[in-house]
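Just below is one structure, and these are the notes that go with it.
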Amino acid sequence: MKLFAIFGDPVSHSRSPLMHNSVFKNLNYKACYTRIHLEDGTKLKETFFSLKLSGANVTVPHKEAAFLACDEVRGFAKKVGVVNTIVNENGRLIGYNTDADGFMFAIKEFGDIKNILILGAGGTAKALASKFIDSNIKVSVINRSEARLSYFKELGCECFSWDNFEIKKYDLVLNSTSAGLKDEELPAPLALIEQILDNISFVAEAIYGKITPFLKLAKEKNIRCKDGSDMLLAQGILANELFVNHELKSDDIKHYMKKSFEL
Ligand code: NDP
Numbered sequence: 007m008k009l010f011a012i013f014g015d016p017v018s019h020s021r022s023p024l025m026h027n028s029v030f031k032n033l034n035y036k037a038c039y040t041r042i043h044l045e046d047g048t049k050l051k052e053t054f055f056s057l058k059l060s061g062a063n064v065t066v067p068h069k070e071a072a073f074l075a076c077d078e079v080r081g082f083a084k085k086v087g088v089v090n091t092i093v094n095e096n097g098r099l100i101g102y103n104t105d106a107d108g109f110m111f112a113i114k115e116f117g118d119i120k121n122i123l124i125l126g127a128g129g130t131a132k133a134l135a136s137k138f139i140d141s142n143i144k145v146s147v148i149n150r151s152e153a154r155l156s157y158f159k160e161l162g163c164e165c166f167s168w169d170n171f172e173i174k175k176y177d178l179v180l181n182s183t184s185a186g187l188k189d190e191e192l193p194a195p196l197a198l199i200e201q202i203l204d205n206i207s208f209v210a211e212a213i214y215g216k217i218t219p220f221l222k223l224a225k226e227k228n229i230r231c232k233d234g235s236d237m238l239l240a241q242g243i244l245a246n247e248l249f250v251n252h253e254l255k256s257d258d259i260k261h262y263m264k265k266s267f268e269l
């Protein structure tokens, strides 16, 4: 029996165990998936091995720590320095990023997006900004603190902190901060958020499973919006394919993961 887990702080909200266990159980794959509350990201590797895990997902705030914990990082994760999926390959930790492709899938329904404003500058924002730029989408980033913006400046994004933000029209705004995850905070001061929402076509929230204050405000303004559920599903399917080393059919994984959302 293989054991998988998701590491995060907080992690109790995570739907990943339900999603992956639905696949394992229904497809008779001998594995089980649990959640681990990890406060110190530098302890990720030793915790992974002490629990004899075969693989893991990593969520807020440890995705950059996960990159450092891996023995080898493959594909897009290597470019962005952000890992959300780890596979134990003969005692070596191999890191991947499935968030960015997951999000691209999730916003397909909004059509042709040409410019995006990202709220937040954490691990998820890094991966998504890089993916957007690769897809010829213009990216602006606004974050509470200046310190994390340098990565985005180098990438060619227009960067703001709350103090120097200049409003423009954007196709899509994404909340990639953790504001609203375990509290009822907005990702920026109310006046600033109002200004953004009054100049936007679509709104996406990375958080899933609750109506955050940001999403609530967007809905009140009748803006077309979505929460992080589709992103969660898409990144989960890609992660599961890696966990089972592509031994299960993609369509079956998708079917049973989707089914877990009905529970
Ligand atoms: P990180 O911890 O790496 O980054 C968090 C970011 O949020 C930082 O920019 C931080 O700003 C900002 N922030 C935190 N609290 C506040 C606040 N109260 N007000 C304003 N800004 C704040 O987290 P991740 O990038 O890994 O994850 C971010 C969010 O995205 C989480 O809520 C996570 O659950 C969600 N997510 C959802 C996924 C899905 O599948 N739906 C996939 C990936 C992520 P500062 O730099 O100033 O500290």
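Numbered as in our numbering, the sequence shown ends at 269 without a single skipped number.
Think of the CB as a built atom: it goes at the ideal place given N, C-alpha and C, for glycine as much as any other residue.
Worksheet item: Touch check for the region 215-225 and the region 82-94: three-plus C-beta pairs under 8 Å?
Response: no
Discussion item. Using a Cβ-Cβ cutoff of less than 8 Å, which residues in the same chain neighbour Glu253 once the five nearest sequence positions on both sides are dropped?
Written reply: Position 247 of the sequence shown, counted from the start, is the residue given in the question as residue 253. Excluding residues within five positions, the ones whose Cβ falls inside 8 Å are Tyr35.
Worksheet item: Taking the alpha helix (DSSP H) that Glu226 falls in, what are its first and last residues?
Response: The residue given as residue 226 occupies position 220 in the sequence shown. Counting along the chain, the alpha helix (DSSP H) containing Glu226 begins and ends at Pro219 to Glu226.
Worksheet item: Relative to the alpha-carbon of Ile229, which residue among Glu268, Met263, Val179 and Leu192 has its alpha-carbon at the smallest distance?
Response: Walking along the sequence shown from the start, residue 229 turns up at place 223. Ranking Glu268, Met263, Val179 and Leu192 by Cα distance to Ile229 puts Val179 first.
Worksheet item: Can a CB atom of chain B be found closer than 8 Å to the CB of Glu115?
Response: Absent from the structure: chain B. Only one protein chain is present.
Worksheet item: What is the rounded straight-line gap between the Cα of Leu196 and the Cα of Leu161?
Response: Within the sequence shown, numbered from 1, the residue matching residue 196 stands at position 190. Within the sequence shown, numbered from 1, the residue matching residue 161 stands at position 155. Each residue's alpha carbon lies about 28 Å from the other.
Item to complete: Could you tell me which residues DSSP pairs with Val5 in its beta bridges?
Response: Here the chain comprises residues numbered 7 to 269, so residue 5 is not present and cannot be evaluated.
Worksheet item: Would you say Ala62 and Phe10 are within 8 Å of each other, going by their C-beta atoms?
Response: Here residue 62 corresponds to residue number 56 of the sequence shown, with the count starting at 1. Here residue 10 corresponds to residue number 4 of the sequence shown, with the count starting at 1. A contact, by the Cβ cut-off of 8 Å.
Discussion item. Mapping the DSSP letters down to three states, classify Glu200 as helix, strand or coil.
Written reply: Residue mapping note: residue 200 aligns to position 194 of the sequence shown, counting from 1. In this structure, Glu200 counts as helix in the three-state DSSP scheme.
Worksheet item: Which residues share a DSSP beta bridge with Tyr176?
Response: The residue you call residue 176 lines up with position 170 of the sequence shown. DSSP lists Ile206 as partners of Tyr176.
Practice prompt. Use the C-beta contact count for Ile173: other C-beta atoms within 10 angstroms, 16 or more gives buried, fewer gives exposed.
Written response: Translated into the one-based positions of the sequence shown, residue 173 becomes position 167. Result: exposed.
Worksheet item: Exposed or buried, which one is His43 when buried takes at least 16 other CB atoms within 10 Å?
Response: Residue mapping note: residue 43 aligns to position 37 of the sequence shown, counting from 1. Classification for His43: exposed.
Item to complete: Report, in whole angstroms, the separation of the C-beta atoms of Val17 and Arg41, which I expect to be a contact under 8 Å.
Response: As a first step, residue 17 must be located in the sequence shown, where it is residue number 11. As a first step, residue 41 must be located in the sequence shown, where it is residue number 35. The Cβ separation is near 5 Å, so the contact holds.
Item to complete: With a cut-off of 8 Å on the beta carbons, I'd call Ala72 and Gly101 a contact; round off their distance for me.
Response: The residue you call residue 72 lines up with position 66 of the sequence shown. The residue you call residue 101 lines up with position 95 of the sequence shown. Their Cβ separation, rounded to whole angstroms, is 6 Å, which keeps Ala72 and Gly101 in contact under 8 Å.
Worksheet item: Helix, strand or coil for Ile259 per DSSP?
Response: The residue labelled residue 259 in the question sits at position 253 within the sequence shown. Looking at Ile259 - three-state DSSP - the assignment turns out to be helix.
Practice prompt. Return the first residue and the last residue of the beta strand (DSSP E) that Asn27 is part of.
Written response: Taking the sequence shown and counting its residues from 1, one reaches residue 27 at position 21. It is not in any beta strand (DSSP E) - Asn27 instead sits in the alpha helix (DSSP H) that spans Ser22 to Asn32.
Practice prompt. Assign Asn94 to buried or exposed, taking buried as 16 or more other Cβ atoms, counted over all protein chains shown, within 10 Å of its Cβ.
Written response: Numbered from 1 along the sequence shown, position 88 holds the residue referred to as residue 94. Looking at its Cβ environment, which holds 16 or more other Cβ atoms inside 10 Å, Asn94 is buried.
Worksheet item: If you measure from the CB of Asn149, is any heavy atom of the ligand NDP nearer than 7 Å?
Response: By one-based count along the sequence shown, residue 149 stands at place 143. Yes, Cβ of Asn149 sits closer than 7 Å to a heavy atom of the ligand NDP.
Worksheet item: Which residue comes first and which comes last in the beta strand (DSSP E) that contains Glu191?
Response: Here residue 191 refers to the residue found at position 185 of the sequence shown. Taken as a continuous stretch (DSSP letters only), Glu191 belongs to no beta strand (DSSP E), as it is neither H nor E.
Worksheet entry | Strand pairing of Ser146, partner residues [DSSP] | Here residue 146 refers to the residue found at position 140 when the sequence shown is read from its first residue. Paired residue(s): Leu123 and Glu164.
Discussion item. Considering only heavy atoms of the ligand NDP, does any lie closer than 7 Å to the CB of Gly101?
Written reply: Stepping through the sequence shown from its first residue, residue 101 is reached at position 95. Checking every heavy atom of the ligand NDP against the Cβ of Gly101, none is found closer than 7 Å.
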